[in-house]
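First comes the structure, then the notes that go with it.
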Amino acid sequence: MNITVIGIAGGTGSGKSTFTNRLKEKFGDRIAVLYHDNYYRSQDDIPFEVRKKKNYDHPDALETDLLIEHVKALKEGRAIDCPTYDYSLHTRAKQTIHVEPRRVIVIEGILLLADPRLRALLDIKIFVEADADERILRRIVRDVKERGRDIDNIVEQYLTTVKPMHYMYVEPTRATADIVINSGMNNVAFDVLQYKIAHLLEEK
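Residues in the sequence shown are numbered from 33 upward in steps of one, following our numbering.
In C-alpha cells, the structure reads:
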C-alpha cells in the first residue's frame, strides 16, 4: 500500500487541532490520525507538583523516537498501539489507541516539523499560524474546559515556557512547511486538502 503522510504543525492555539479534526470528521476511519501530544513522556516517577512546572514545549518533553518508529511501521503496513496522555496528571495514561495503517496518515503537533527525521517522513507539511493574542486566549479556554487546569498555572506556564519555546522551536519550522494557512477554519485550504486526500484514497 502506497501511504501518504500529512503533517499539521503550528503554535499552541493556532487552530491545527481544529483543522485536523475537520479532516477526521470528513474522512472518518478512511484515514489514520496521530497526535504528537500523545507521545509526551511518562513522568510517573516525578512528584505532581514538579510535573506541573516542567517545560512541555521543548522537543525533549516528547518521545519523538517512538512516534518516528510508529510512523515507519504504519508506512510499512503494520498496525501500532499509540500511547495516550493525561493532561490533568501531566503524565502518560494507561490506555493506548490501536491504529491500523491507512492510505493517508495525518499527524498533528506543535513540534512536528522540529525534528528533521520526522519531517523527512512527511509527504505534505502544513503550518497553521494565528495571532499570539488569539493563541493564548484559545489555550486558556481549552486548558480550563478540557484539561482541568487552573488559570494561574496556565498563565505561568505560558510566560515561562510556552511563549519562549514557540519563538525558539515552533515559529522557525514555518519555513519548512509546504503550505502555511492562517486558521483552522480556513475553508479554502480545507477544500484543497480534502480534495487531495480524496484523490489519494481513490488511487489504486
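The beta carbon of each residue, even a glycine, is placed where N, CA and C say it ideally should be.
{"query": "Whole-angstrom distance between Y88 and T123, CA atom to CA atom", "result": "11 Å"}
{"query": "Cβ-based neighbour list, G47, same chain, cut-off 7 Å, excluding 5 preceding and 5 following", "result": "V160, A162, S215, G216, M217"}
{"query": "Residue range of the unbroken alpha helix (DSSP H) whose run includes D223", "result": "219-234"}
{"query": "Three or more C-beta pairs below 8 Å linking the stretch 177-189 and the stretch 226-234", "result": "no"}
{"query": "Whether D155 touches V65 by CB criterion (8 Å)", "result": "no"}
{"query": "Beta-carbon proximity check, Y199 vs G141, cutoff 8 Å", "result": "no"}
{"query": "Cβ-Cβ distance between L55 and I100 below 8 Å", "result": "no"}
{"query": "Buried or exposed (CB count within 10 angstroms, at least 16 for buried), S120", "result": "exposed"}
{"query": "Burial state of L94 (16 or more Cβ within 10 Å)", "result": "buried"}
{"query": "Environment of L169 [buried if 16+ CB atoms lie within 10 Å]", "result": "exposed"}
{"query": "Collapsed DSSP secondary structure at T36 in the structure displayed", "result": "strand"}
{"query": "Distance between E81 and E203 (C-alpha atoms, nearest Å)", "result": "29 Å"}
{"query": "Residue nearest to T193 in terms of C-alpha spacing, selected from L144, M33, H90", "result": "H90"}
{"query": "Which of helix, strand or coil DSSP assigns to D113", "result": "strand"}
{"query": "Member of K58, I35, A105, G39 whose CA lies at the smallest distance from the CA of D223", "result": "K58"}
{"query": "Rounded separation between I35 and D184 - CA only", "result": "43 Å"}
{"query": "Spatial neighbours of Q226 in its chain, beta-carbon cut-off 6 Å, leaving aside the 5 residues before and after", "result": "K58"}
{"query": "Simplified DSSP state of R54, which is helix, strand or coil", "result": "helix"}
{"query": "Classification of G115 by the beta-carbon crowding that lies within 10 angstroms, buried from 16 upward", "result": "In the sequence under discussion, the amino acid at residue 115 is Pro, which differs from the Gly named in the question. Classification for P115: buried."}
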